[in-house]
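Written below as structure tokens is the structure these notes are about.
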Amino acid sequence: MITSEIVDRVMIITLNRPERMNAFNEKMCGELILALDEADENDDVRAVILTGAGNAFCAGMDLEKGAETFMDHTPLVEYRDAGGMLSLRIFEMKKPMIAAINGAAVGIGITMTLPMDIRIASTDAKMGFVFARRGITMEACSGWFLPRLVGMGKASEWVFTGRMISASEAYEGRLVNKIVEPDELMSAAMEIAADIAENTSCVSVTLSRQLMWTMLGANHPVESHKIESKMIHWTGKQADAQEGIEAFLEKRKADFKMKSSSDMPPFYPWGTDRTYEVDKK
Numbered sequence: 598m599i600t601s602e603i604v605d606r607v608m609i610i611t612l613n614r615p616e617r618m619n620a621f622n623e624k625m626c627g628e629l630i631l632a633l634d635e636a637d638e639n640d641d642v643r644a645v646i647l648t649g650a651g652n653a654f655c656a657g658m659d660l661e662k663g664a665e666t667f668m669d670h671t672p673l674v675e676y677r678d679a680g681g682m683l684s685l686r687i688f689e690m691k692k693p694m695i696a697a698i699n700g701a702a703v704g705i706g707i708t709m710t711l712p713m714d715i716r717i718a719s720t721d722a723k724m725g726f727v728f729a730r731r732g733i734t735m736e737a738c739s740g741w742f743l744p745r746l747v748g749m750g751k752a753s754e755w756v757f758t759g760r761m762i763s764a765s766e767a768y769e770g771r772l773v774n775k776i777v778e779p780d781e782l783m784s785a786a787m788e789i790a791a792d793i794a795e796n797t798s799c800v801s802v803t804l805s806r807q808l809m810w811t812m813l814g815a816n817h818p819v820e821s822h823k824i825e826s827k828m829i830h831w832t833g834k835q836a837d838a839q840e841g842i843e844a845f846l847e848k849r850k851a852d853f854k855m856k857s858s859s860d861m862p863p864f865y866p867w868g869t870d871r872t873y874e875v876d877k878k
């Protein structure tokens, strides 16, 4: 369902069902979550890139069951959307994630990218929040992520119409950071990932990533101030801060040693509801 490899401290995960346009199912979901667990636990991994094999990124939920695709007999109070479980796992990542959208990204194929940090699209890519055209509704926590990323007006237009949007429209609507030619997609993603891997403190990146995502739901800027005060107070006493300042003054490249697997502050994580369970089968 997926493949993964580590190249220059970057884990590249590829959705690998090209014969099905990388259509999503629960097995793929479980494999993705396990790969993300591995990325977080491996201190040699500083960033993650997700892309698709073949001409598509992900065509959405696999519809091989036809009209019964979305019929689930789990009791309503127990049912958890698989895409939502994946999005929640991505939300909690310590490592930054880049989506390299190489082709069609539809339904879960685009909503799974929303909790990622950076989205780069090929000029060949097309995206669609097509739920209303299939008689279903938004999923994968997209009701929380999408309006925050692109605004309520644009989110409403794309979701209510369910139409496909081009890479250029996605860029204009702030859904993707940049668009590039197809043969430049992975190099563009790797360039950003390499900059993170080679020049930054992993602990600093992890804390900043979680700060920005969790503060999207804060009611007042003082909530960010409280966390930022803890972070700057704690990081200022750590080895990476000393190394970063000394490297700057000595005009050399910093050699950060701290690890996100073992060197996080005692107040991390903060404010996260971990009452859900992730099925990795």
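For the sequence shown, this note's numbering assigns the number 598 to the initial residue and increments by one for each residue that follows. Using N, Cα and C, we set each Cβ at its ideal position, and we do this for glycine too.
- With respect to the C-alpha of S798, the residue from K751, M855, I705 and G759 having the closest C-alpha is M855.
- Collapsing the DSSP output to three states places A697 in a strand.
- The C-beta separation of A737 from I762 comes to about 17 Å, leaving the pair out of contact by the 8 Å criterion.
- Around the beta carbon of Q839, fewer than 16 other beta carbons lie within 10 angstroms, which makes this residue exposed.
- Nearest to D637 by C-alpha distance, out of P693, E769, G814 and I776, is P693.
- Counting along the chain, the unbroken alpha helix (DSSP H) around A844 starts and ends at A836 to L846.
- When secondary structure is reduced to three states using DSSP, S798 falls in the coil class, being assigned neither helix nor strand.
- Annotated three-state conformation of I715 is strand, per DSSP.
- From the listed residues A722, L743, G759 and G748, the smallest Cα separation to I733 is found for G759.
- Annotated three-state conformation of E616 is helix, per DSSP.
- Within the same chain, Cβ atoms closer than 7 Å to the Cβ of R806 are found at P693 and D714, the five residues on either side in sequence being excluded.
- Of the other Cβ atoms in all chains shown, fewer than 16 fall within 10 Å of the Cβ of L813; this residue is therefore exposed.
- M658 is bridged by DSSP to F621.
- CA-CA distance, E616 to N622, rounds to 14 Å.
- In this structure, DSSP gives L647 an extended state, which the three-state scheme calls strand.
- In this chain, the beta strand (DSSP E) harbouring M761 covers M761 to S763.
- Assignment of G868 by DSSP, reduced to helix, strand and coil, places it in the coil class.
- Annotated three-state conformation of I733 is coil, per DSSP.
- Ranked by Cα distance from N613, the options G651, W810 and E843 are led by G651.
- Under the three-state reduction of DSSP output, M682 falls in the helix class.
- G740 has its alpha-carbon roughly 32 Å from the corresponding atom of A791.
- By the Cβ neighbour-count rule, M809 is exposed, with fewer than 16 other Cβ atoms within 10 Å of its own.
- Under the three-state reduction of DSSP output, G725 falls in the strand class.
- Looking at the backbone, the Cα of M724 and that of E795 are separated by about 32 Å.
- Going by DSSP, K827 is part of the alpha helix (DSSP H) stretching over P818 to T832.
- Counting other Cβ atoms within 10 Å of its Cβ, N699 reaches 16 or more and is therefore classed as buried.
- By a beta-carbon distance limit of 8 Å, I603 does not contact M625. Their separation comes to about 20 Å.
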